[in-house]
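Residue numbers (the UniProt record's numbering): 1 to 179. The beta carbon of each residue, even a glycine, is placed where N, CA and C say it ideally should be.
(1) Classify residue 102 as buried or exposed, calling it buried when 16 or more other Cβ atoms lie within 10 Å of its own Cβ.
(2) To which residues of the same chain is residue 27 closer than 6 Å at the C-beta, ignoring the five residues directly before and after it?
(3) Just to confirm my understanding: we take residue 50, look at its own chain, exclude 5 residues before and 5 after, and list those with CB closer than 7 Å. What are they?
(4) Express the C-alpha separation of residue 158 and residue 109 in angstroms, rounding to a whole number.
(5) State the Cα-Cα distance for the pair residue 62 and residue 45, rounded to the nearest angstrom.
(6) Given a cut-off of 9 Å on the beta-carbon distance, is the pair residue 6 and residue 43 in contact?
(7) Mind checking which residues open and close the alpha helix (DSSP H) that includes residue 52?
(8) If we require 4 or more residues per run, which alpha helix (DSSP H) segments fall completely within the region 113–160?
(9) Whole angstroms is fine: what's the gap from residue 75's alpha carbon to residue 60's?
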């Protein structure tokens, strides 16, 4: 499962448009020991870090091609790229930490980062930026599954998990239409 989580983190950081929080929250509701949830989050963050390196380096050598690729991803729009540049110009590191919390794909920050900072600083800020949301979602999923709804069957928990993520993406896609 950790390989899938790593690949999901890497993929979402480069081209995939479904956030790792989806698989991390499922993992959190299924695992008994919270330490494994932490390991999964670190694994997803490592995948995201690897993806961030790929996008940062690619964009450093061919920003136009990288941006064109980003715009081909469902739910990535020109206004998001403009937002990334505006916020990174205002405060690069604040943008790196808080930007992905508000529905702007982190891959766009990775693609723009070479214009505002070096690779090492980008990577230093990538880790907390990714882990902040990953851990928050995982902790909530774990707490709900193991404390609030502990008497529900695993099947019912997975049904609720599915419904929650469907609602999240219906809302997200209605705001950032992929079509």
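Taking the structure as given:
(1) Within the chain shown, the letter at position 102 stands for residue 102. Burial call: exposed.
(2) Taking the first residue of the chain shown as 1, we reach residue 27 at position 27. Answer for residue 27: 40, listed in chain order.
(3) As a first step, residue 50 is located in the chain shown; it is residue number 50 there, counting from the start. Result list for residue 50: 10, in chain order.
(4) Residue mapping note: residue 109 aligns to position 109 of the chain shown, counting from 1. Residue mapping note: residue 158 aligns to position 158 of the chain shown, counting from 1. The C-alpha of residue 109 lies about 32 Å from the C-alpha of residue 158.
(5) Position 62 of the chain shown, counted from the first residue, corresponds to residue 62. Position 45 of the chain shown, counted from the first residue, corresponds to residue 45. So the two alpha carbons sit approximately 25 Å from each other.
(6) One-based indexing of the chain shown puts residue 6 at position 6. One-based indexing of the chain shown puts residue 43 at position 43. Against a cut-off of 9 Å, the Cβ pair of residue 43 and residue 6 comes out as a contact.
(7) On the chain shown, residue 52 is found 52 positions in, with the first residue counted as 1. 34–61 is the span of the alpha helix (DSSP H), which, as asked, contains residue 52.
(8) 119–143
(9) In the chain shown, the residue the question calls residue 75 occupies position 75. In the chain shown, the residue the question calls residue 60 occupies position 60. Answer to the nearest angstrom: the Cα atoms are 23 Å apart.
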